[in-house]
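Undergrad:
Numbering (the numbering used here), first residue to last: 13 to 436.
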């Protein structure tokens, strides 16, 4: 079964907690803190597997979890790291954040790997907090939670040349005679229900990958027929080979067919009409084909047209040579906004450590990445840990920021789901 898009929930492993422990050997006076660090939570890593051609494995595996890190141990022993989870996907897989639509990973090379959900950092044991003023700290850090997100996974075939055209114009036949692919071929519309790939070997030694895409119809870019389901697979193609039925077997006008398909390509949101296009004037053995070809060339004198009869592999060699020549000079087309802008590295202003929100009626909210991280790592059942939490907030300038916003002693300050009283 060909599955080219799925939605999966990912939960990376949580970091293990640091340990509060002390050295207690009889022969070691004033042994001091001896608690180890928690282990790192496992990552969820996507990896390209060139033997896969579908996302079927993920269709019935909608929740994927990585291992949690173990808690720290005594004698300053580090807890074991959580097990990473590797998800094998086909070449051409794109992983997006389902909530924001941002591209997390675009896997375009064999054996490429990308960490999609990162595990949480392990908490430090009390050994790290020993100071001259506090030689026996009775607190440790808790581990940080791993990433928790839903991702939308799409497969976009990595083909160099894409075959487009109305149903039953001969795309599958063309693919079958120029490659070793064996697509289903029959005399009815929408015989091809899934994209088919094949490697074309030009006599001069060059080769490229060709994709036969299910037939488009009018309105495909708006969701009609099978077109919208498979238009994504032409996004990576650098050359489009447009197959037109010059014999007008179905009673349609070949010129109108050509215009209609190009209109659908133009309506799709990845600028498909910017790609060079080769026209295969198929079924030239049919009555009226020569007249239709003459009309076509008169109306589109600048279009590269190759008369052919795909069923007997006639007239295709020049088109294949032209496709190979175009591929040598045609760059890849960007399919993401970042690629389209030519941006490899973007400057983003440093995010504020925290923000203060006035909820009214003497209630305030603190939020921000550093505040969240500190909150997650604090053990609120330990008095020393709570004191350290307050000290760290003071170091971040939280007290001054609250007072500048108008917070008064006795007001309530919330961090996540917990409320604290603002005191001097």
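All C-beta atoms, glycine included, are put in the ideal place defined by N, C-alpha and C.
Exposed or buried, what is residue 13 when buried is set at 16 or more other beta-carbons lying within 10 Å of its beta-carbon?
TA: Here the model assigns residue 13 a pLDDT of 49, short of 50, so the residue's position is not dependable, and the following value carries that caveat. Exposed, because fewer than 16 other Cβ atoms sit within 10 Å of the Cβ of residue 13.
Undergrad: If you reduce the DSSP assignment to three classes, tell me which class residue 115 lands in.
TA: Residue 115: strand per DSSP, three-state reduction.
Undergrad: Which residue marks the beginning of the beta strand (DSSP E) containing residue 383, and which one marks its end?
TA: Segment 381-388 is the alpha helix (DSSP H) holding residue 383; no beta strand (DSSP E) there.
Undergrad: Please work out which residues of its chain come closer than 6 Å, Cβ to Cβ, to residue 233, disregarding the five sequence neighbours upstream and downstream, and give them in chain order.
TA: Only weak support is given to the placement of residue 233: the predicted model assigns it a pLDDT of 44, under 50, and the question is left unresolved by the model.
Undergrad: To the nearest angstrom, how far is the alpha carbon of residue 360 from that of residue 343?
TA: Low local confidence applies: a pLDDT of 46 at residue 360 is under 50, so the model's placement there is unreliable, and no value is given.
Undergrad: Please classify residue 439 as buried or exposed, where buried requires at least 16 other C-beta atoms within 10 Å of its C-beta.
TA: Residue 439 is absent from the model: the chain starts at 13 and stops at 436.
Undergrad: Can you check DSSP and say which residues form a bridge with residue 85?
TA: 89
Undergrad: Sort 296, 414, 287 and 255 by Cα distance to residue 341 and report the nearest one.
TA: 287
Undergrad: Nearest-angstrom Cα distance between residue 267 and residue 319?
TA: One C-alpha to the other measures close to 14 Å.
Undergrad: Three or more C-beta pairs under 8 Å: does that hold for the segment 131-144 against the segment 43-59?
TA: yes
Undergrad: Quick check on this structure: which residue in 173, 252, 270 and 380 has the alpha carbon closest to the alpha carbon of residue 213?
TA: 173
Undergrad: Roughly how many angstroms separate the alpha carbons of residue 68 and residue 16, rounded to a whole number?
TA: The alpha-carbon atoms of residue 68 and residue 16 are separated by roughly 8 Å.
Undergrad: Would you call the CB atoms of residue 424 and residue 410 closer than 8 Å?
TA: no
Undergrad: Taking buried to mean at least 16 other C-beta atoms within 10 Å of its own C-beta, is residue 74 buried or exposed?
TA: exposed
Undergrad: Does the separation of the CB atoms of residue 50 and residue 91 fall below 8 Å?
TA: yes
Undergrad: Let's see if you can read the secondary structure: which residues bound the alpha helix (DSSP H) around residue 318?
TA: No alpha helix (DSSP H) contains residue 318, which is instead part of the beta strand (DSSP E) from 316-319.
Undergrad: Can you name the residues that DSSP bridges to residue 257?
TA: 294
Undergrad: Per DSSP, what kind of secondary structure is residue 130 in: helix, strand or coil?
TA: It is coil, neither helix nor strand.
Undergrad: Within 10 Å of its beta-carbon, does residue 304 have 16 or more other beta-carbons around it, so buried, or fewer, so exposed?
TA: buried
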